[in-house]
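Visitor: After the structure tokens below, expect a handful of questions from me.
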Amino acid sequence: MFLVLSLFAVPHSFAAEVHFQWGSSSGVVDGYRIYYGFSHEGPYPNLLVEVGGTTTDYIATLDEGVTYYLVVRAYNSYGESGNSNEVMWSSDGEDTTPPGDVSGFTAAPGPGQITLTWTNPTDTDFAGVMIRYRTDGTNPQDKDDGLPIPNGNNGKISGSPNQNMSYVHTNLDPTTHYYYSAFSYDTSNNYSQTAYADAQPLPPSSHDPVIESFTATPSSLNNPGETTTFDVSATDPDGDSLTYTPSILVTERPMEAVVKWCILMRHKGLTLLRSQWMMDMAIL
């Protein structure tokens, strides 16, 4: 007797609905039994189901995460046939379960920028977060909605499970409100529903930095080719980064030249500041 067993599966969340079909057996057949085991080529000690004389289709539910080896046997009043060909079924396939959402997703405004912070979910297959934004009063509703943050990776930021993360969105319009959505994704490219945050950046700072000291060591030069080292200390009330631009003015006196050194400062490279210190240095 030769039987051919075939099957296909429709996966569900924790179990799979498996469809069985097989060819008919020659001779007198009262029905068929499907057996299974957990090793290739048997044994098959477990009876899955006993059906009548049908060979069309039988539906059974098998557990996901388990590999089954199945055979079918025909039976009548005299006993059972031998095994059909073996069929292996496993739920190992495409992962369709998204990771959890990020937690603690917040947006903190700053001058011309917004700082986003969050904590990644704890899923072991977590891969990263995609952040997108809109400016029309609505948060992006899916990973293709709105615009990605301009991080050079289509808004994707990779990370580890349960890791604290941040991103600074810069060069923003202080008259515009920004609405963000964070979509976590896993190694199978499944995306979570999302987490939301919004904020409006502050106007750019306009306070001049404060120059606290401007010195030269040594304070005078006596011979051609000598050098001096300038040291400048300054702070910015708005916490902006500072750049320094030195300039010189040379005037003549009897037996010496006097160099006036001026330090001019900028903050954020945006505003030329009025604050400046001048210092005379005698070149004998």
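Using the working numbering, you'd call the opening residue of the sequence shown number 45 and step up by one each time.
Yeah, the Cβ is synthetic: ideal placement off N, Cα and C, and Gly gets one too.
(1) Y122 by DSSP, collapsed to three states: which one?
(2) Less than 8 Å between C-beta atoms, sequence neighbours within five positions excluded: which residues of the same chain meet that for Q207?
(3) In its own chain, which residues sit with a C-beta less than 6 Å from the C-beta of S50, not counting the 5 before and 5 after it?
(4) Measure the CB-CB distance between H213 and I158 and report whether it falls below 9 Å.
(5) According to the Cβ coordinates, are E130 and Y113 closer than 9 Å?
(6) Drop a sphere of 10 angstroms on the beta-carbon of T238, count the other beta-carbons inside from all chains shown, and report buried for 16 or more, exposed for fewer.
(7) Quick one: what's P192 bridged to in DSSP?
(8) In three-state terms, what does DSSP make of V62?
(9) On the three-state DSSP scale, how would you describe L114?
(10) Suppose only complete runs of 3+ residues qualify. What are the beta strand (DSSP E) ranges in the segment 64-95, listed by chain order?
(11) Per DSSP, H213 forms a beta bridge with which residues?
(12) Does the segment 83-98 come close enough to the segment 114-128 to have 3 or more Cβ pairs within less than 8 Å?
(13) Using only the alpha-carbon positions, how far apart do D242 and H221 sit?
(14) Excluding the 5 residues preceding and the 5 following G190 in the sequence, name in chain order all residues of the same chain whose CB lies nearer than 6 Å to its CB.
(15) Note down the Cα distance separating S128 from V173, rounded to an integer number of angstroms.
(16) Starting from S225, trace the beta strand (DSSP E) both ways and give me its first and last residue.
(17) Which term fits Y230, buried or exposed, when burial requires 16 or more other beta carbons within 10 angstroms of its beta carbon?
(18) On the DSSP bridge assignment, give the partners of V276 in chain order.
(19) Let me check understanding here. Comparing Cα to Cα, which of D180, T271 and W133 lies closest to Y224?
(20) In this structure, does DSSP put N208 in helix, strand or coil?
(21) Out of A118, L106 and D107, which one is the CA nearest neighbour of T98?
(22) Classify L328 as helix, strand or coil using the three-state DSSP reduction.
(23) Report back the beta-carbon spacing between L286 and P253 to the nearest angstrom; my notes put them in contact at under 8 Å.
(24) DSSP three-state label for T163, please.
(25) Going by DSSP in three states, K187 sits in which element: helix, strand or coil?
(26) At the level of alpha carbons, what is the spacing between T219 and N266?
(27) Taking only the alpha-carbon atoms, compute the straight-line gap between P153 and D107 and give it to the nearest angstrom.
(28) Any beta carbon from chain B within less than 9 Å of D145's own beta carbon?
(29) Taking the alpha carbon of G75 as the reference point, which residue from N195, S257, N120 and M209 has its own alpha carbon closest?
Guide: On the basis of the coordinates in this document:
(1) In the sequence shown, counting from the first residue as 1, residue 122 sits at position 78. DSSP places Y122 in coil when its eight states are reduced to three.
(2) In the sequence shown, the residue the question calls residue 207 occupies position 163. Sequence-distant Cβ neighbours of Q207 in its own chain, meaning closer than 8 Å and more than five residues away, are T163 and N164.
(3) Your numbering for residue 50 matches position 6 in the sequence shown. Reliability of the predicted coordinates at S50 is poor, the pLDDT of 44 falling under 50, and no value is obtained from them.
(4) As a working note, residue 213 is residue 169 in the sequence shown. As a working note, residue 158 is residue 114 in the sequence shown. In this structure, I158 lies closer than 9 Å to H213 by Cβ.
(5) In the sequence shown, the residue the question calls residue 130 occupies position 86. In the sequence shown, the residue the question calls residue 113 occupies position 69. Between E130 and Y113, the CB-CB gap stays under 9 Å.
(6) For this step, residue 238 is matched to residue 194 along the sequence shown. Label assigned to T238: buried.
(7) For the purposes of this step, residue 192 is identified with residue 148 of the sequence shown, where counting begins at 1. Paired residues: R176.
(8) Counting from one through the sequence shown, the residue named residue 62 turns up at place 18. Under the three-state reduction of DSSP, V62 is assigned to strand.
(9) Residue 114 sits at position 70 when you count from the first residue of the sequence shown. Residue state, collapsed to three classes: strand.
(10) 75-81 and 90-95
(11) Here residue 213 is taken as the residue at index 169 of the sequence shown, counted from 1. Per DSSP, I158.
(12) yes
(13) Locating residue 242 in the sequence shown gives position 198, where the first residue counts as 1. Locating residue 221 in the sequence shown gives position 177, where the first residue counts as 1. If I take the Cα positions, the gap works out to 7 Å.
(14) Translated into the one-based positions of the sequence shown, residue 190 becomes position 146. Same-chain partners within the cutoff: R176, Y177, R178 and P184.
(15) Within the sequence shown, the letter at position 84 stands for residue 128. Within the sequence shown, the letter at position 129 stands for residue 173. Whole-angstrom Cα-Cα distance: 49 Å.
(16) Within the sequence shown, the letter at position 181 stands for residue 225. In the DSSP annotation of this structure, the continuous segment of the beta strand (DSSP E) that includes S225 starts and ends at Y222 to D230.
(17) Walking along the sequence shown from the start, residue 230 turns up at place 186. Here residue 230 is Asp; the residue named in the question, Tyr, does not match the sequence. So D230 ends up on the buried side.
(18) Walking along the sequence shown from the start, residue 276 turns up at place 232. Paired residue(s): F258.
(19) As a first step, residue 224 must be located in the sequence shown, where it is residue number 180. With distances taken between Cα atoms, Y224 lies closest to D180.
(20) The count along the sequence shown starts at 1 and reaches residue 208 at position 164. Three-state result, N208: strand.
(21) Here residue 98 refers to the residue found at position 54 of the sequence shown. Checking every option, the nearest Cα to that of T98 belongs to A118.
(22) For this step, residue 328 is matched to residue 284 along the sequence shown. For L328, the pLDDT reaches just 45, beneath the cut-off of 50, and the residue's location in the model is therefore unreliable, although a value from the coordinates is still provided. If DSSP states are grouped into helix, strand and coil, L328 belongs with coil.
(23) Working through the sequence shown from its first residue, we reach residue 286 at position 242. Working through the sequence shown from its first residue, we reach residue 253 at position 209. Indeed, because the Cβ distance is near 6 Å, the residues count as touching under 8 Å.
(24) Within the sequence shown, numbered from 1, the residue matching residue 163 stands at position 119. Strand, per DSSP.
(25) Numbered from 1 along the sequence shown, position 143 holds the residue referred to as residue 187. For K187, the secondary structure class from DSSP, reduced to helix, strand or coil, is coil.
(26) By one-based count along the sequence shown, residue 219 stands at place 175. By one-based count along the sequence shown, residue 266 stands at place 222. Roughly 56 Å between the two C-alpha positions.
(27) Residue numbering aside, residue 153 sits at position 109 when the sequence shown is read from its first letter. Residue numbering aside, residue 107 sits at position 63 when the sequence shown is read from its first letter. If you take the alpha carbons of P153 and D107, they lie about 50 Å apart.
(28) Included in the structure is just one protein chain, with no chain B present.
(29) Within the sequence shown, residue 75 is the residue found at index 31, counting from 1. Looking at the Cα atoms, N120 is the closest of the given residues.
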